[in-house]
Each structure stands twice: as structure tokens, then as C-alpha cells.
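Take the sequence shown: its position 164, counting from 1, is numbered 372 in my numbering, and each next residue is one higher.
A virtual CB, placed ideally from N, CA and C, is assigned to each residue, including glycine.
Working notes for the structure below.
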Amino acid sequence: MQEDQGTKRYHKVNNSYPLLPIVRIEAVIQGHELMPEQVASVITLPGCREIWDERLGCVEIRATYHVQEYLFWRRCLANFPHGRAKYYPRDMASIALREVSNTELFVVMTSVVDGAIPNEIHNVHAHLDLSGWRIIRMKTGICIVYITQIDLNGHLPKTWLDYTAG
């Protein structure tokens, strides 16, 4: 476990994909009267996330099944240092499902194969095994828990892998 300014970061090696661990991050935002849906909108929805996440190239919602479930395509920028190796942008097709109550919200995402999202020739296709958010309203603020396991596929810089593995 690592802690930085009240944010806790845990990691666990997954034997099926040992290069990148399962990562869990927990943070509490004190003194806010925000609702879980407001926080989830900023951190998960296309259109909002691009404002604060410099790694996000773009996100397109390709199908909406109902208000809490949608199919999306995401491209992450190749913002790794370029030496002799060339690192291509990653993309993925995923589905997101939201469960909402008055005091907490869950968002789960996983990769899917869907004809509405063809493979991009100039991208490396990543696979999102699991990504999930749990956002809980507390008396003193908001608690955010994030977990992810992703196979970015292809070559990655060793310094980036070392940082991610903690």
C-alpha cells in the first residue's frame, strides 16, 4: 500500500497478466456536499473526463441501452516517452453499467467485441478486464474507490511499468 495526500493505492499481481497489477485506489474528499452521481459524471462520463484526464484521447458513446448502460469506444493517447521504440495509442471497446442509490453509486466497465466498434488500424487494441468505481456519500464528504485491471497490449516503457506496479 502506498499513500499520498490521503489517497491510498494498493496493487496485486494477477497471474493471468503479470506485467500490470490489479490496482485499487481509495480517496475521501472532505467537506463537500456532492451527490455520488455528480462525482461519477465528472470522473466517468465522456465529455467531462476529457477536461481533466490528459491521457484520454477521446471517448465516443456508440450505443445506449438505457440511461444506466452504454457501449463506448475509448482511445488513450500514446504519451509515453519516445526513444527508439514507438508507442502507439491504445483503444478499447467497452460497456459501462451504473447502479445508483441515494447514498452510493457503482460504475462497472469491461471490454467487449461489438460490430459497432471496428478495430482502428493505427491503435493497439487494449483489453479492459475490469474497471469499477464505488462512490459513497458520507456525512463529511465523498469516498471514492476505484479498481482496474487492464491489458494494454504491446510494448510499454519499463519506467511506466515500474511506477504502475508500485
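{"Query": "Closer than 7 Å: R217 CB and nearest the ligand ATP heavy atom", "Result": "Inclusion of the ligand ATP in the displayed structure is not the case, the ligand content being empty and no account of it being possible."}
{"Query": "From E245, R345, M317, residue whose alpha carbon lies closest to that of R282", "Result": "M317"}
{"Query": "Which of helix, strand or coil DSSP assigns to T252", "Result": "helix"}
{"Query": "Proximity below 8 Å, CB of A304 to CB of Y278", "Result": "yes"}
{"Query": "I329 versus I355 - alpha carbon distance", "Result": "29 Å"}
{"Query": "Nearest residue (CA-CA) to R342, options C351, L336, R257", "Result": "C351"}
{"Query": "Close beta carbons around M300, own chain, < 6 Å, minus the five adjacent residues each side", "Result": "R282, S319, A334, L336"}
{"Query": "Beta-carbon contacts of E211 that lie in its chain and below 8 Å, excluding the five residues immediately before and after", "Result": "R217"}
{"Query": "Three-state class that DSSP yields for P229 in the structure shown", "Result": "strand"}
{"Query": "C-alpha gap between C256 and A248, whole angstroms", "Result": "10 Å"}
{"Query": "Range of the contiguous beta strand (DSSP E) that encloses E307", "Result": "298–308"}
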